[in-house]
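First residue of the sequence shown? That's 44 in our numbering, and the numbers climb one at a time after it.
Below: the structure, in structure tokens.
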Amino acid sequence: MADVDFSLLHLPREAPPPDPDAYLRAAMAWHFGADTGSPYWLRTARRLDFDPLTDVRTFADLRRFPNLVNELRAVPAHDLIPRGYGTPAPVPLIFESGGTTGAPKRTAQLPDWVAQVVDWQTDDFSSAGFVPGGDFLCLMPSGPHGVGHFSRAVSARLGSICHTVDLDPRWVKKLVARAAATEMSAYLQHLLEQAEYILRSQRVVNLHTTPPLLDAIARDDTLTQLVGDTVRFIMLSGAHVDPDTLDVLRDVFPDAVIAMVFGSTMILSQAQTRSSGEQLVFDPRSPYVVFWVVDPHTGKQVGYGERGQVVMNHISKGMFIPNNLERDTAVRLPGPDEHIGDSVAEVAPVATLDGEAVIEGVY
């Protein structure tokens, strides 16, 4: 592997590598090299019916991998760290999914990737309308979820004090699953009370929350006034929202810019958002993240403008997650120039995945 240029994998960087296929080959050599790969992938490679070092030459070849993402529910975090980082390896941040489709899945994010995501999200928030220096209320999960960490980091980068709440999305999903409407209402009120304390006592100008929580705020006259008086930027993520509801929310909060992002624990980041007419389009950050929108029954990509299920691939120095059929459906769109794979719009959850009901709750 003397001809492999591992410098292509170095992060953070301002522009993506100029040759995506060379980047992919470097990633395969890294993750499946005896001296550089993680214990998990070196162990897993022995049960594949192909050799990633020689048989994965283009991004289309990632379809050869089975969807192994469910194994991330139980793999020891140490086994996810590539040996190439050295001994001792940098200590990763461990983030988990929300448990929408069962036991949470776990990712290990090394410092170089974390720095890259902070750079990207700082740009995303700034370009979307975040008011630098204005207090920031992150009405989102923290704990094992990446959104809490990155919101704090981006807020600090933009010179803003970050205020947070206690929000356990997994408990909410359990309440929804057993149709505990009274308990669900009480928990939602608990979240809104926390938000109200902060909005009354602090100078909150920026808000990051989910569509269901912003909808609940919009139905409460007191909270609507508190948000309307001072908040000038609202970022929505974590759950899905239809265009009609988004229009209503913009009418309720006319003095705030309302932006949206789409991300996933399993891509260790969020896509870039752009407007195309009345439509919000999400562009994954290729070559690090590649989407395909497919017919879940055949695995073949649907036509542009058609709805299918989203397959996500993450390829970075720190982690490799290929061919993951996610819980989202979306309309397939072409990406920008030099973009690998698909862009998506009108994202919505599937009803079930791997035999489990998909429950969004408030996140």
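Glycine residues also receive a C-beta, built at the ideal position from the N, C-alpha and C atoms.
Here the structure is a predicted model, which means the values were calculated and not measured.
Check: Leaving out the 5 sequence neighbours to the left and right, which residues in its chain are closer than 7 Å to L51 when beta-carbon positions are compared?
Finding: P60, A65, Y66 and A69
Notebook entry, point to check: Who are the Cβ neighbours of S169 in its own chain at under 8 Å, not counting the five residues just before and after it?
Noted result: P175 and L201
Note to self: Assuming the contact rule is C-beta atoms closer than 8 Å, V247 and D178 should be a hit. Round their C-beta distance to whole Å, please.
What the structure shows: 5 Å
Check: Which residues mark the beginning and the end of the beta strand (DSSP E) in which Q245 is found?
Finding: Where Q245 is concerned, there is no enclosing beta strand (DSSP E), given that its DSSP letter is neither H nor E.
Note to self: Using only the alpha-carbon positions, how far apart do C205 and M183 sit?
What the structure shows: 12 Å
Next item on the list: Enumerate, from N- to C-terminal direction, the unbroken alpha helix (DSSP H) stretches of 4 or more residues contained entirely within the region 129–163.
Entry: none
Item checked: Candidates D371, W84, T101 and P154: closest to H53 by CA position -> P154
Check: Under three-state DSSP, which class holds T101?
Finding: coil
Check: Taking just the CA atoms, how far does P125 sit from K343?
Finding: 32 Å
Note to self: Based on DSSP bridge pairs, tell me the residues matched to W335.
What the structure shows: V354
Notebook entry, point to check: Where does Y406 fall in DSSP's three states?
Noted result: With a pLDDT of 49 at Y406, under the threshold of 50, the modelled position of that residue is not reliable, and no figure is offered here.
Check: Does the beta carbon of V353 fall short of 8 Å from some heavy atom of the ligand MN?
Finding: You won't find the ligand MN in this model; it holds no ligand whatsoever.
Check: Between I358 and V374, is the Cβ-Cβ spacing less than 9 Å?
Finding: no
Item checked: Bridge partners - G367, DSSP secondary structure assignment -> Per the sequence shown, the amino acid found at residue 367 is Asn instead of Gly. DSSP lists M355 as partners of N367.
Check: In or out: I137 buried (at least 16 other Cβ within 10 Å) or exposed?
Finding: exposed
Check: What runs of the alpha helix (DSSP H), each 4 residues or longer, lie entirely inside the region 166–230?
Finding: 189–200 and 212–220
Notebook entry, point to check: What three-state label does DSSP hand P61 in the structure shown?
Noted result: coil
Margin query: Could you pull the DSSP bridge partners for S385 from this structure?
Written below: Just to set this straight, residue 385 is Asp in the shown sequence, not Ser. BP columns for D385 point to P377.
Check: Tell me which same chain residues have a C-beta within less than 6 Å of the C-beta of G361, skipping the five on either side of it?
Finding: L153 and W156
Notebook entry, point to check: How about S203 and H192: do their beta carbons lie closer than 9 Å?
Noted result: no
Note to self: For Q237, which residues in the same chain have their Cβ closer than 6 Å to its Cβ, ignoring the five residues on either side in sequence?
What the structure shows: V208
Next item on the list: Might you give, ordered along the chain, the residues of its own chain that have their beta carbon closer than 6 Å to the beta carbon of R195, omitting 5 neighbours on each side?
Entry: C205
Checklist line | Other residues of its chain near P254: CB distance less than 6 Å, five sequence neighbours each side excluded | finding: L279, A282 and V284
Check: By DSSP, does L91 sit in helix, in strand, or in coil?
Finding: coil
Next item on the list: Note down, in chain order, each residue of its chain lying with its Cβ closer than 6 Å to the Cβ of D294, except the 5 sequence neighbours on either side.
Entry: none
Checklist line | Beta carbon of P109 nearer than 9 Å to that of N356 | finding: no
Margin query: Assuming the contact rule is C-beta atoms closer than 8 Å, E407 and P82 should be a hit. Round their C-beta distance to whole Å, please.
Written below: Nothing can be reported for residue 407, as the shown portion of the chain is limited to 44 through 406.
Item checked: Per-residue burial, N249 [other beta carbons within 10 Å of its own, 16 or more giving buried] -> buried
Next item on the list: In angstroms with no decimal places, state the Cα-to-Cα distance between L123 and A88.
Entry: 14 Å
Next item on the list: Give the single residue among W214, S318 and M71 whose Cα lies nearest to the Cα of A388.
Entry: S318
Note to self: So, at 8 Å on beta carbons, what are the nonlocal neighbours of H74 in its own chain, with the 5 sequence-adjacent residues on each side left out?
What the structure shows: G80, S81, W84, P95, P125 and F363
Notebook entry, point to check: Just checking my contact of R106 with K148 at CB under 8 Å: how many whole Å lie between their CB atoms?
Noted result: Not confirmed; about 21 Å, so no contact.
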